[in-house]
Amino acid sequence: MRGHARRGLLALAAALTATVTACSGAGDAAPTRSPSPTATPSPTATPGVTLAEAAKVLAGVMNADGVLGAATPRVDADRRNMLAQTRDGQLALTTAAFNGSDEAPPSGYTWGTPELLVPRLPDPPREPAWFAAVAERRDPAGETRTAVLTLVRQSGDGWRLSSTALLEEGERMPQVAKDAEGYATALGGEDMTVAISPRLMAPLHATSAEEGDRGFAAGLIGDGPHTTGYAEEIAERRLNEKSECLGYDSIFAASNYPVHALRTADGGALVLYSLIRTTTRTIKVEPCASDVRIPPDARKLTSEDFIRKELRTVETQQYVSTVPPKDSGRPARVIGYLGGLTKVTAS
């Protein structure tokens, strides 16, 4: 019975994946990283991605997620199908989750009715086509969060999920500006009509996370757990680790995954991007710092049990931020996040 059920699940998953790919043509090339859009299309341009196509693609991704999440036990074919639907930061997180646990990543979500955020891109798009969506996501434990998804279609490749972020507690999505036909406006990476151009949002966020309210990003990026909160955490960890004869450092950098931005109704921007956090713990004095165990979350991605010289962890962090209009005097705010460890090296 289980064998027949699994074949049915895999057949349905394959059909859903084929539907997503068929919307843009066949292709099995590996996902590649790509720059953000560089131009704001004319509101009268023929859409490179229609609302109907985006709805069909998103439904395929959500349905496939439910099918693959229901597969028990999960086998290699399930993993391949899940990985085939992802790229960029989402691929890194999904791959790491599978490497860290036989049953990861968590799946089988129940989705609410999505709001599509489809930019009016030229046809064919000058850059890889993309769109975003917002939907309530309920996990198997019953917790419901608002998810912001970004899907990208590379030339010659099918649609893949590029990023997912969950809105922070108490945060709400800003209203995205749409034209009479329901299409949004994509902002280029160098857009100067907003307080922080989309291309600079990630590096400024990284500066705020490292330097806090003493850095040059102070006043540009709002305080919060993923900005100044990180800087406070790093300072405290350095002191605590030093008392244990360990060196501690944690740095943030803009990833080279795509950056996407949409115009909001107030004239600002909704920016979707990723950061990479690299944290290092180093044994400074022996035997004072001998027999230091690798933390459980990092232990899943390494065969080592103890730190002999150094432990280096890499996190992929996916964000949603709002940027106010230029000269508004208000800071940008981080409103959504999802991330995790994607690489661990121990020596």
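Sequence positions in the sequence shown follow mature numbering (1 follows the signal peptide of the UniProt record, and there is no 0) and run -29 to -1, 1 to 318.
Each residue gets a CB set at the ideal place from its N, CA and C atoms; glycine is no exception.
Keep in mind it's a predicted model, so treat the numbers as computed, not measured.
Could you give the residue range of the alpha helix (DSSP H) that holds residue i?
i             : result
tyrosine 201  : 199 to 214
glutamine 61  : 59 to 71
leucine 175   : 169 to 182
aspartate 268 : 267 to 270
Per DSSP, what kind of secondary structure is residue i in: helix, strand or coil?
i             : result
proline 196   : coil
glutamate 140 : coil
alanine 112   : coil
proline 157   : A quick correction: the sequence has alanine, not proline, at residue 157. Three-state DSSP puts alanine 157 in a strand.
glutamate 24  : helix
arginine 186  : A quick correction: the sequence has glycine, not arginine, at residue 186. Coil.
alanine 151   : coil
glycine 31    : helix
leucine 309   : strand
leucine 122   : strand
arginine 50   : helix
alanine 166   : coil
alanine 236   : coil
Would you decide whether residue i is buried or exposed? Buried here means 16 or more other CB atoms lie within 10 Å of its CB.
i              : result
serine 214     : exposed
isoleucine 265 : buried
leucine 309    : buried
isoleucine 205 : buried
methionine 33  : buried
residue 337    : The structure shown does not extend to residue 337, since the chain spans only -29 to 318, so no value can be given for it.
arginine 58    : buried
valine 105     : buried
arginine 170   : buried
proline 162    : According to the sequence displayed, residue 162 carries aspartate and not proline. Aspartate 162 is buried by the Cβ-count criterion.
serine 168     : buried
serine 13      : Annotation note: pLDDT 48 at serine 13 (below 50); position unreliable, no value reported.
proline 8      : With a pLDDT of only 46 at proline 8, under 50, the local geometry of the prediction cannot be trusted, and no value is derived from it.
leucine 312    : buried
proline 18     : buried
arginine 108   : buried
alanine -1     : With a pLDDT of 38 at alanine -1, under the threshold of 50, the predicted position of this residue should be treated as unreliable, and no value is reported.
proline 95     : exposed
serine 134     : buried
threonine 117  : buried
serine 299     : exposed
valine 230     : buried
leucine 29     : buried
Can you give the beta carbon distance from residue i to residue j, rounded, assuming they're within the 8 angstroms contact cut?
i             : j                : result
threonine 235 : arginine 283     : At roughly 38 angstroms, the Cβ-Cβ gap does not stay under 8 angstroms, so threonine 235 and arginine 283 are not in contact.
threonine 287 : isoleucine 247   : 6 angstroms
leucine 138   : glycine 307      : 5 angstroms
proline 99    : arginine 131     : Between arginine 131 and proline 99 the Cβ distance is about 10 angstroms, and since that is not below 8 angstroms, they are no contact.
alanine 239   : proline 296      : Checking the sequence, you will find glycine at residue 239 rather than alanine. Contact holds; Cβ gap of about 5 angstroms.
residue 371   : arginine 252     : A query on residue 371 cannot be resolved here, the shown segment of the chain reaching from -29 to 318 and no further.
aspartate 150 : arginine 97      : Going by Cβ atoms, the distance from aspartate 150 to arginine 97 rounds to 19 angstroms, so no, they are not a contact pair.
valine 119    : valine 20        : That belief does not hold up - the Cβ atoms of valine 119 and valine 20 are roughly 17 angstroms apart, past 8 angstroms.
leucine 233   : leucine 158      : 7 angstroms
arginine 50   : phenylalanine 69 : 5 angstroms
alanine 166   : alanine 269      : No, alanine 166 and alanine 269 are not in contact; Cβ-Cβ is about 37 angstroms, not under 8 angstroms.
I need the boundaries of the beta strand (DSSP E) containing residue i, first residue and last residue.
i                 : result
aspartate 108     : Position check: residue 108 holds arginine in this sequence, whereas aspartate was assumed. Note, arginine 108: beta strand (DSSP E), 100 to 109.
phenylalanine 223 : 217 to 225
leucine 282       : 281 to 294
serine 245        : 240 to 254
glutamate 86      : 86 to 88
If you pair each beta-carbon of the segment 138 to 147 with each one of the segment 204 to 222, do three or more pairs fall below 8 angstroms? no
For the segment 289 to 302 against the segment 239 to 254, are there 3 or more C-beta pairs whose distance is under 8 angstroms? yes
Give a yes or no on contact between the segment 262 to 280 and the segment 179 to 186, applying the rule of three or more CB pairs nearer than 8 angstroms. no
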